[in-house]
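Here the structure is laid out as structure tokens; the discussion comes afterwards.
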Amino acid sequence: MSTPHIAAKKPCLVTLKRKGKAYFWCQCGLSKSQPFCDGSHNGTGFEPLIYKAQKDGEEVLFCACKQTKNPPFCDGSHNALDDSYEEASQEDIAASASLPIIPPDEKGKAVLDGGCYVVTPTKTTAHHVGGWQIRPVIAGRDGARFLSQFLLQPGPDAQALAVEGSEMVLFLNQGSAHITIGGKIFKAGPQTGFYVRPGEGFHARSLSDTPIELSCVICPTGPEPTPLDTMPDIFDDRIPQRMMAMDPAKRQTMADRFYQVLVGEDMGSKQVTQFIGEIPRSRAAAHRHLYEEAITILSGEGFMWTENARAAVKPGDVIFLPKKQLHSLECTSESGMRLMGAFYPAGSPAINY
Ligand code: FES
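Counting in the UniProt record's numbering, the sequence shown runs from 1 upward without gaps.
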């Protein structure tokens with residue numbers, strides 16, 4: 001036996017009992033006790049891989065397809081086992097056909113199951129501080145436990161902004177700008193991501209008459225960025241590269257869809273990953289993530305589905321997705337859908353279960 005058997009095309013969520021306890025992960029794929037070894041590997045040339053729990057009650061997604069490059073953990077490789085991403089079955093589509101479409105309330109928010117919601121940021125209440133227009137989009141009062149999101153528009157006299165103790169990932173939604181982090185200036189076009197380390201401040205200035213708009217995700221969740229009279233003289237030189245635009249060479253494909261990490265562990269981000277992705281006209285099979293996520297729709301229309309309801313999504317809308325919430329994002333546009341996501345804890349956007 002030279003290649004492992006594909007036991008399943010999704011990982012197994014398991015809770016490991018206590019720190020230091022050894023678990024034997026099946027590498028051959030023949031075990032009937034996935035993801036753990038039951039001895040079926042005898043004579044195959046495969047051996048189980050031993051993993052010791054890092055903490056009491058550690059929750060992990062162990063690979064069951066046996067194609068992962070990061071054993072014993074799922075790394076999303078199961079998404080590339082077929083020509084197309086796993087889509088909702090005809091039975092699921094028929095069963096959900098009568099689920100209600102939740103209309104947005106007067107603040108532009110449509111609440112789905114488990115605290116998941118879709119919000120139109122321009123319908124939320126804006127306030128002005130330090131020369132910025134700030135719209136809270138995701139906050140602790142909305143049920144977010146790990147991240148916050150704000151929509152920011154700088155005026156001509158906008159001051160520097162900072163948040164104490166949290167990482168920030170920025171995304172230039174529209175316009176061209178000079179983004180200053182600490183004393184370093186980055187020139188960027190639309191749909192570019194930026195990483196701001198704890199203790200650093202940032203500033204943004206449009207390079208044309210077109211107003212610019214930034215999505216700002218703060219992790220751990222906290223208060224909105226605070227205006228400062230002067231930019232903090234702090235820039236972590238160990239990580240000089242803070243900006244990432246779309247680059248076809250950096251795309252990761254998942255069957256008929258792709259994503260590109262803009263800000264992640266490679267850039268030094270410890271808490272949060274930011275990515276851009278594209279999906280074709282399709283409705284993914286319902287699935288879950290072990291992370292809490294904020295998704296901004298950049299182009300295309302469709303629906304966000306949870307167990308008992310759905311909400312329409314369109315460009316500019318933001319989806320708050322709690323950890324472990326069953327969901328499916330449907331794209332109804334012929335030209336597909338582009339989205340930007342940011343999630344905690346940092347990792348691969350391909351990992352689902
Ligand atoms: S189940 Fe194997 S990589 Fe996800």
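Note that beta-carbon positions come from the ideal geometry of N, C-alpha and C, so glycine has one too.
Within the same chain, and ignoring the five residues on either side of residue 182 in sequence, the residues whose Cβ sits closer than 6 Å to its Cβ are 200, 234, 235. Remark: C-beta atoms of residue 44 and residue 28 approach each other more closely than 7 Å. Separation of residue 224 and residue 131 (C-alpha to C-alpha, rounded to the nearest whole angstrom) is 14 Å. In the three-state scheme derived from DSSP, where H, G and I count as helix and E and B as strand, residue 187 is classed as strand.
The DSSP assignment places 49-52, 58-62 as complete runs of the beta strand (DSSP E) inside the UniProt domain "Iron-binding zinc finger CDGSH type" (48-84), in order along the chain (cut-off: 3 residues). Residue 259 is bridged by DSSP to 252, 277.
Taking all protein chains in view, the Cβ of residue 241 is surrounded by fewer than 16 other Cβ atoms within 10 Å, so the residue is classified as exposed. Taking the CA atoms as reference points, residue 323 sits about 12 Å from residue 353. Of all C-beta pairs linking the segment 277-287 to the segment 71-83, fewer than three are shorter than 8 Å, placing the two stretches out of contact.
Within the same chain, Cβ atoms closer than 6 Å to the Cβ of residue 76 are found at 348, 350, 351, the five residues on either side in sequence being excluded. For residue 5, the Cβ stays outside the 6 Å cut-off from all heavy atoms of the ligand FES. Taking the Cα positions, residue 19 is about 13 Å away from residue 60.
Taking C-alpha positions only, residue 203 is separated from residue 109 by approximately 29 Å. Relative to the ligand FES, even the nearest heavy atom lies 6 Å or more away from the CB of residue 289.
Under the DSSP assignment, residue 160 falls outside any alpha helix (DSSP H), being part of the beta strand (DSSP E) whose first and last residues are 160-162. Contact annotation: residue 175 and residue 120 have beta-carbon atoms that are not nearer than 7 Å.
Look at residue 75: its beta carbon is less than 6 Å from one of the heavy atoms in the ligand FES.
Distances taken from the Cβ of residue 253 to the heavy atoms of the ligand FES include none shorter than 6 Å.
One alpha carbon belongs to residue 14, the other to residue 293, and they sit about 21 Å apart. According to DSSP, residue pairing for residue 133 in a beta bridge involves 128, 153. In this chain, residue 176 is not harboured by any beta strand (DSSP E), its DSSP state being neither H nor E. DSSP places residue 98 outside any beta strand (DSSP E), giving it a letter other than H or E.
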